[in-house]
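Line by line, the protein sequences give chains A and D. Be aware that the first sequence starts at 388, since it is given in this note's numbering, and climbs by one per residue. Be aware that the second sequence starts at 7, since it is given in this note's numbering, and climbs by one per residue. Worksheet: the structure to be examined is printed underneath.
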Amino acid sequence: QKEVEQDPGPLSVPEGAIVSLNCTYSNSAFQYFMWYRQYSRKGPELLMYTYSSGNKEDGRFTAQVDKSSKYISLFIRDSQPSDSATYLCAMSDPGGSNYKLTFGKGTLLTVNP
Amino acid sequence: DTEVTQTPKHLVMGMTNKKSLKCEQHMGHRAMYWYKQKAKKPPELMFVYSYEKLSINESVPSRFSPECPNSSLLNLHLHALQPEDSALYLCASSQEDGLSRAETQYFGPGTRLLVL
């Protein structure tokens, strides 16, 4: 079993839809959770990070963490064509190497106008 | 300003060439990273520098040689690469404040490398 599982998609939605992106993980030592957005042929852009169970909201984006289920989600409200990108979840274990991120494989999202 | 810059944007090199990739950040971050990313895959960590000293080498072949001249700059020297080394090379940086550094990594746009 991989440490982080992420459905690679592709996921195609109409403009204005609510998008749900998910990752599951097996390592209970992961305490920090990040979502990156990566446009084609560009570097990953840090969207959100959180370290506690519950919800964190930033504009149209909400990150949700359920440590008891080892499950994290990113919700995008009122999705826009400009949200079309690959979304990578990432996690880190502060008790291990403080530098290492474990990434999911990424989900390719297309928002159609 | 959360910007990490990388040059060049694109690079084509032969297997006998020597070239260098450059990365710069002015956020005061003291940890800097090199990643390699193949198409449709997540980034793979190669090297980590902390306070200009090499902290992590993820068993990267010696044809890749990192260098950190100062706290703002990171280089990756390339020599005798193979076609399978063709990839997007990403630089990142993060704070060094005694807490977990990993979650505050900011990536540059990358250098797309093609080895012929």
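Cβ coordinates follow ideal geometry from the N, Cα and C atoms, glycine included.
For residue j and residue i, the rounded distance between their alpha carbons
i	j	result
M421 (chain A)	K487 (chain A)	12 Å
K44 (chain D)	T489 (chain A)	16 Å
G34 (chain D)	N76 (chain D)	11 Å
S61 (chain D)	P89 (chain D)	28 Å
Y39 (chain D)	Y419 (chain A)	18 Å
V498 (chain A)	L434 (chain A)	18 Å
G482 (chain A)	T110 (chain D)	16 Å
N63 (chain D)	G493 (chain A)	24 Å
S65 (chain D)	P500 (chain A)	45 Å
D453 (chain A)	N442 (chain A)	9 Å
K24 (chain D)	P468 (chain A)	41 Å
L116 (chain D)	S415 (chain A)	Reading the sequence as shown, one finds Gly at residue 116 (chain D) and not Leu. Whole-angstrom Cα-Cα distance: 32 Å.
Y438 (chain A)	K46 (chain D)	27 Å
L84 (chain D)	D91 (chain D)	10 Å
F52 (chain D)	R36 (chain D)	Checking the sequence shown, residue 52 (chain D) turns out to be Met, not Phe. Looking at the two C-alpha atoms, the distance is approximately 17 Å.
Closer than 9 Å at the beta carbon, the chain C residues around residue i
i	result
R424 (chain A)	Looking at the structure shown, chain C is missing, and the protein chains on hand are A and D.
Beta-carbon proximity check, residue i vs residue j, cutoff 8 Å
i	j	result
L120 (chain D)	V18 (chain D)	yes
A86 (chain D)	R69 (chain D)	yes
Y57 (chain D)	L96 (chain D)	no
Y423 (chain A)	A477 (chain A)	yes
E402 (chain A)	S466 (chain A)	yes
S71 (chain D)	E30 (chain D)	no
C74 (chain D)	L82 (chain D)	no
L496 (chain A)	P48 (chain D)	no
R447 (chain A)	I463 (chain A)	yes
L461 (chain A)	A472 (chain A)	no
Where the beta strand (DSSP E) through residue i begins and ends
i	result
G441 (chain A)	G441 to D445
S68 (chain D)	S68 (chain D) -> no beta strand (DSSP E), and no H or E assigned at all.
L496 (chain A)	T494 to N499
R424 (chain A)	Y419 to Q425
K25 (chain D)	K24 to Q31
L84 (chain D)	L79 to H85
R118 (chain D)	T117 to V121
S407 (chain A)	V406 to Y412
Y474 (chain A)	A472 to S479
L398 (chain A)	L398 to P401
K123 (chain D)	Chain D is shown only over 7 to 122; residue 123 (chain D) falls outside these bounds and no answer can be derived.
L433 (chain A)	E432 to T437
Partner residues on chain D for residue i, Cβ-Cβ distance less than 8 Å
i	result
G491 (chain A)	P48
K454 (chain A)	Here the premise fails: no neighbours, minimum Cβ distance about 15 Å.
K429 (chain A)	P115 and G116
Contact list for residue i against chain A, beta-carbon separation under 9 Å
i	result
F53 (chain D)	Here the premise fails: no neighbours, minimum Cβ distance about 10 Å.
L119 (chain D)	Within 9 Å Cβ-Cβ: nothing; L119 (chain D) doesn't reach chain A, min ~13 Å.
Partners in chain A for residue i, counting only beta-carbon separations shorter than 8 Å
i	result
Y112 (chain D)	L433
S61 (chain D)	Y486
D93 (chain D)	The sequence shown places Ala at residue 93 (chain D), rather than the Asp named in the question. The contacting residues do not exist; A93 (chain D) stays about 12 Å from chain A at best.
Closer than 7 Å at the beta carbon, the chain D residues around residue i
i	result
L475 (chain A)	P48
Contact list for residue i against chain A, beta-carbon separation under 7 Å
i	result
L96 (chain D)	G430
A37 (chain D)	Y486
**Message:** With three or more C-beta pairs closer than 8 Å as the rule, is the segment 389-407 of chain A touching the segment 428-444 of chain A?
**Reply:** no
**Item:** Sufficient close CB pairs (3 or more, under 8 Å) joining the segment 12-29 of chain D to the segment 397-411 of chain A
**Value:** no
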